[in-house]
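Trainee: Below is one structure. I have some questions about it.
Protein chains in written order, with this note's numbering: chain V, 634 to 883; chain B, 634 to 883.
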């Protein structure tokens with residue numbers, strides 16, 4: 634049973650990274666990824682704060698971008714205390730743990746994004762996720778420490794695993810697409826839309842792209858879906874080109 | 634509904650006391666008692682570590698002995714990772730929260746004991762309790778940070794009180810689209826794909842259409858989504874036509 638990957642995006646303090654490693658190992662999570670830690674990596678202070686969770690720190694993987702850090706994963710959650718207006722499904726940590734296990738049962742991998750200590754994940758990072766995790770919390774004091782957030786995710790995971798309930802696994806004919814395939818499709822689509830002058834006015838392109846990507850992310854595309862949709866877009870572009878060429882040519 | 638009292642027995646570091654205060658307030662616990670804190674009280678460092686949980690720190694009560702600290706309570710739990718051979722009932726944190734609430738319903742008060750950072754509660758402290766709380770945890774790495782233990786107790790309490798749902802829900806900027814608008818979009822898309830000779834071989838058109846419609850239906854499109862996607866398809870078709878026309882014309 635593969636536990637979820639913990640991805641710390643732009644964490645600030647090495648001590649917090651160490652405390653996250655400890656919290657992870659308390660609940661059987663061992664794979665930590667760091668995206669652009671503020672003070673570099675490895676960094677003094679992390680190991681002591683981990684209280685012996687060396688198995689986690691020794692295997693940390695370092696990435697420059699969130700997109701790189703999630704490329705090989707099949708499903709991505711973003712933790713947030715605030716609604717982001719991105720129309721993504723929102724789960725409590727126990728519900729998310731159930732979803733993670735359902736995927737792990739068929740060897741599919743999930744990653745969970747955690748933002749920097751002060752400000753949390755950026756909207757662009759959140760946009761990369763399929764769904765959100767938000768903890769039930771006192772609405773008058775809702776800012777949870779980074780390692781505490783990691784702990785709650787690990788705790789719910791371990792509760793589920795050690796409790797031994799039988800999960801119901803929906804069958805999937807094709808696995809959830811790898812992020813890199815989804816993102817390559819979106820890049821292709823947007824390039825075609827650029828050529829077609831769809832993004833208008835151009836200064837709104839960034840927000841239009843994000844909004845449209847959020848539409849696509851809701852699909853939770855399978856590999857087969859990506860191929861089908863890419864084929865459809867390509868047909869619209871190339872088929873039209875061919876028709877126009879033959880209409881106008883010779 | 635009166636939450637449980639958090640009692641820190643001989644805590645060592647002021648920072649940890651502050652982090653406990655923060656974890657408490659995150660989940661609606663406000664009453665903290667300290668038994669013989671090693672470095673005295675109040676102590677510099679606690680407030681900053683609390684990240685603004687002043688309501689907790691301002692009302693801390695100080696005691697010399699654990700016995701004094703629990704005098705006015707009706708029920709006492711001790712948190713421990715080890716079985717103490719004291720024949721006390723042992724609960725997970727969620728079960729304990731249920732018990733606490735049952736008592737609170739009839740105005741009875743519960744306290745939960747947490748031991749010092751390094752060694753946990755003494756057997757004498759454990760002996761003062763009615764029952765134990767022990768967290769489900771990785772047996773190979775079971776030492777949980779003090780503030781993390783407090784957090785888990787608070788989390789299970791708040792989950793119970795609040796119903797445990799994620800505290801935020803996705804906003805919908807636009808209502809779910811009417812079926813006729815969705816179907817009109819799909820008709821339009823398929824007509825364009827017909828022109829582009831996408832459905833190939835043609836005898837598979839019916840099943841290809843059905844499969845692609847099933848992809849789109851998963852989107853649960855809003856009116857805004859339908860407009861956006863129709864615009865995107867149209868741009869791919871018309872923009873290409875325009876470009877080809879100007880490229881080939883005159």
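Cβ atoms here follow ideal geometry from the backbone N, Cα and C, with glycine treated the same way.
On a predicted model such as this, the values are computed, not experimentally measured, just so you know.
Would a check of beta-carbon distances place residue 638 of chain V closer than 8 angstroms to chain B?
Mentor: Not an interface residue.
Trainee: Under the criterion of a Cβ to heavy atom distance below 7 angstroms, does residue 679 of chain V qualify as lining the ligand COA?
Mentor: Annotation note on the ligand COA: not contained in the displayed structure, which lists no ligands.
Trainee: Are residue 754 of chain V and residue 711 of chain V touching if we call contact CB-CB under 8 angstroms?
Mentor: yes
Trainee: Tell me the residue span of the alpha helix (DSSP H) that contains residue 792 of chain V.
Mentor: 779-796
Trainee: Which residues mark the beginning and the end of the alpha helix (DSSP H) in which residue 690 of chain B is found?
Mentor: For residue 690 of chain B, the uninterrupted alpha helix (DSSP H) run begins and ends at 687-690, by DSSP.
Trainee: Would you report the Cα separation of residue 714 of chain B and residue 792 of chain V, rounded to the nearest angstrom?
Mentor: 15 angstroms
Trainee: So does the region 782-790 of chain B actually touch the region 639-659 of chain B, counting three or more Cβ pairs closer than 8 angstroms?
Mentor: yes
Trainee: For residue 788 of chain B, which residues in chain V fall below 7 angstroms Cβ to Cβ?
Mentor: 785
Trainee: Distance check for residue 698 of chain V and residue 643 of chain V, CA to CA, integer angstroms please.
Mentor: 9 angstroms
Trainee: By alpha-carbon positions, which one of B/688, B/798, B/827 ends up nearest to residue 766 of chain V?
Mentor: B/798
Trainee: Which residues does DSSP pair with residue 710 of chain V in a beta bridge?
Mentor: V/745, V/764
Trainee: Is the CB-CB distance between residue 750 of chain V and residue 779 of chain V below 8 angstroms?
Mentor: yes
Trainee: Chain V beta carbons: is any one of them nearer than 8 angstroms to that of residue 646 of chain B?
Mentor: no
Trainee: Tell me whether the beta-carbon of residue 847 of chain V lies closer than 8 angstroms to the beta-carbon of residue 645 of chain V.
Mentor: no
Trainee: Can you name the residues of chain V whose CB is closer than 7 angstroms to the CB of residue 779 of chain B?
Mentor: Going along chain V, no residue has its Cβ under 7 angstroms from residue 779 of chain B, so there is no contact; the nearest lies around 11 angstroms.
Trainee: Please work out which residues of its chain come closer than 6 angstroms, Cβ to Cβ, to residue 707 of chain B, disregarding the five sequence neighbours upstream and downstream, and give them in chain order.
Mentor: 741, 742
Trainee: Could you pull out every residue in the same chain whose Cβ sits closer than 7 angstroms to the Cβ of residue 656 of chain V, ignoring the five residues on either side in sequence?
Mentor: 780, 783, 784, 787
Trainee: Compute the distance between the beta-carbons of residue 869 of chain B and residue 825 of chain V, then report whether it is under 8 angstroms.
Mentor: yes
Trainee: Report the three-state DSSP secondary structure of residue 855 of chain V (helix, strand or coil).
Mentor: strand
Trainee: Based on the DSSP output, what are the partners of residue 662 of chain B in its beta bridges?
Mentor: Residue 662 of chain B is not bridged to any residue.
Trainee: Would you tell me roughly how many angstroms separate the C-alpha atoms of residue 695 of chain V and residue 816 of chain V, rounded to the nearest one?
Mentor: 20 angstroms
Trainee: Whole angstroms is fine: what's the gap from residue 770 of chain V's alpha carbon to residue 832 of chain V's?
Mentor: 40 angstroms
Trainee: Distance, Cα to Cα, residue 686 of chain V vs residue 663 of chain V?
Mentor: 9 angstroms
Trainee: Exposed or buried, residue 756 of chain V, counting other C-beta atoms within 10 Å across all chains shown (16 or more means buried)?
Mentor: exposed
Trainee: Measuring only between beta-carbons, confirm whether residue 859 of chain V sits less than 8 angstroms from chain B.
Mentor: no
Trainee: Run through chain V and tell me which residues come within less than 8 angstroms of residue 684 of chain B, C-beta to C-beta.
Mentor: 776, 778
Trainee: Evaluate residue 865 of chain B with the Cβ neighbour count: other Cβ atoms within 10 Å of its Cβ, from every protein chain shown; 16 or more gives buried, anything less gives exposed.
Mentor: buried
Trainee: Hey, out of B/752, B/693, B/790, whose CA is closest to residue 735 of chain B's CA?
Mentor: B/790
Trainee: Mind pulling the chain B residues with CB within less than 7 angstroms of residue 824 of chain V?
Mentor: Within 7 angstroms Cβ-Cβ: nothing; residue 824 of chain V doesn't reach chain B, min ~11 angstroms.
Trainee: Do residue 654 of chain V and residue 690 of chain V have their beta-carbon atoms positioned less than 8 angstroms apart in this structure?
Mentor: yes
Trainee: Is there a Cβ from chain B that is less than 8 angstroms from the Cβ of residue 795 of chain V?
Mentor: yes
Trainee: Could you confirm whether any beta carbon from chain V is found closer than 8 angstroms to the beta carbon of residue 792 of chain B?
Mentor: yes
Trainee: At a CB-CB cut-off below 8 angstroms, which residues of chain B make contact with residue 676 of chain V?
Mentor: Correct list: empty, because the minimum Cβ distance to chain B is about 19 angstroms.
Trainee: Quick one: grab the DSSP three-state call for residue 640 of chain B.
Mentor: strand
Trainee: Among V/652, V/658, V/635, which has the Cα closest to the Cα of residue 773 of chain B?
Mentor: Ranking V/652, V/658, V/635 by Cα distance to residue 773 of chain B puts V/658 first.
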